[in-house]
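Going by the working numbering, the first residue of the sequence shown is number 1, and it counts up by one from there.
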Amino acid sequence: MEVKSRHHLRSDAIDEISETLATQLGVEVDAESFEKVELTGGDWDVVLVDGEPLVLYLDGQPFLTVRGANEYPPESNVVTVDAGAIEFVSNGADVMRPGIVAADESIDAGDLVVIVEETHDKALAVGRAKVDGAEMTGDEGRVVESLHHVGDELYELTV
Numbered sequence: 001m002e003v004k005s006r007h008h009l010r011s012d013a014i015d016e017i018s019e020t021l022a023t024q025l026g027v028e029v030d031a032e033s034f035e036k037v038e039l040t041g042g043d044w045d046v047v048l049v050d051g052e053p054l055v056l057y058l059d060g061q062p063f064l065t066v067r068g069a070n071e072y073p074p075e076s077n078v079v080t081v082d083a084g085a086i087e088f089v090s091n092g093a094d095v096m097r098p099g100i101v102a103a104d105e106s107i108d109a110g111d112l113v114v115i116v117e118e119t120h121d122k123a124l125a126v127g128r129a130k131v132d133g134a135e136m137t138g139d140e141g142r143v144v145e146s147l148h149h150v151g152d153e154l155y156e157l158t159v
């Protein structure tokens with residue numbers, strides 16, 4: 001996956017990104033430059049924030065990449081997994097109920113979420129909730145669909 005084209009975003013697009021991330025995740029992205037990049041061979045719409053791929057568009061809305069979530073740790077829409085789930089989530093597996101130790105109760109089914117590990121609060125993946133946050137812990141069932149994870153093409157992207 002290589003950069004096919006890149007262009008600086010207009011101020012209204014930057015405002016949309018900032019407002020959406022503040023509302024959804026409780027983060028304030030402070031940066032000098034925002035550039036949208038088109039990639040070859042990829043399905044990602046990515047925004048470089050000060051030259052780093054920290055934002056992506058999913059279903060037309062901006063959201064943090066895994067690297068973005070580690071740079072700007074989210075305060076909401078967070079699902080926390082135990083040490084036993086780290087290997088699976090880091091390899092792109094969907095998140096199962098037994099691995100979840102906590103989930104933001106404001107999460108609704110269909111929301112985008114950041115999956116973090118419990119020991120260091122580092123982001124491992126970005127996914128889509130299949131159930132509400134209050135229903136995420138338990139004994140069985142797939143509850144978060146993985147969309148982007150540590151080690152995938154987007155995570156490894158260098159520009």
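Note that beta-carbon positions come from the ideal geometry of N, C-alpha and C, so glycine has one too.
Close Cβ partners of residue i (< 6 Å) along its chain, the five nearest in sequence each way excluded
i	result
G92	S146, H149
Y57	D45
Cut-off 8 Å between Cβ atoms - residues of its own chain near residue i, not counting five sequence neighbours on either side
i	result
H7	E35, K36
I17	L9, V29, F34, V47, V55, P62
A109	A129, K130, V131, D132
T119	A83
L39	M1, E2, V3, K4, V46, L157
P53	V37, V46, V47, T65, R67, G68, L154, L157, V159
Helix, strand or coil at residue i [DSSP, three-state]
i	result
P74	coil
G127	strand
E145	strand
I107	coil
E52	strand
A59	With the sequence shown as reference, residue 59 is identified as Asp, and Ala is not the correct amino acid for it. It is coil, neither helix nor strand.
L154	helix
E135	helix
S33	coil
D45	strand
T20	helix
Contacting residues, own chain, Cβ-Cβ under 7 Å from residue i (five flanking each side not counted)
i	result
N70	K122, A123
R142	D94, M96, K130
M136	V79, R97, I100, A103, V143
G138	R97
Straight-line gap, residue i to residue j (C-alpha atoms, nearest Å)
i	j	result
P73	A22	11 Å
V27	E75	7 Å
A85	D59	27 Å
G99	A125	14 Å
I14	V113	21 Å
Q24	E32	22 Å
V49	G151	19 Å
E87	E140	18 Å
D43	S11	25 Å
When the options are compared against residue i, the one with the closest alpha-carbon
i	options	result
L154	I14, S11, L25, T65	T65
V81	E32, I14, V144	V144
T20	R67, V116, M136, D111	D111
I115	E140, E105, G127	G127
E117	D12, N77, V89	V89
N77	S11, A134, E87	A134
Presumed contact (8 Å Cβ cut-off) between residue i and residue j, rounded CB distance
i	j	result
R41	M1	Per the sequence presented here, residue 41 reads as Gly, with Arg not at that position. So it is a contact: roughly 5 Å between Cβ atoms.
C-beta neighbour in chain D for residue i, strict 8 Å
i	result
S5	Considering every chain present, this structure includes no chain D. It has just one protein chain.
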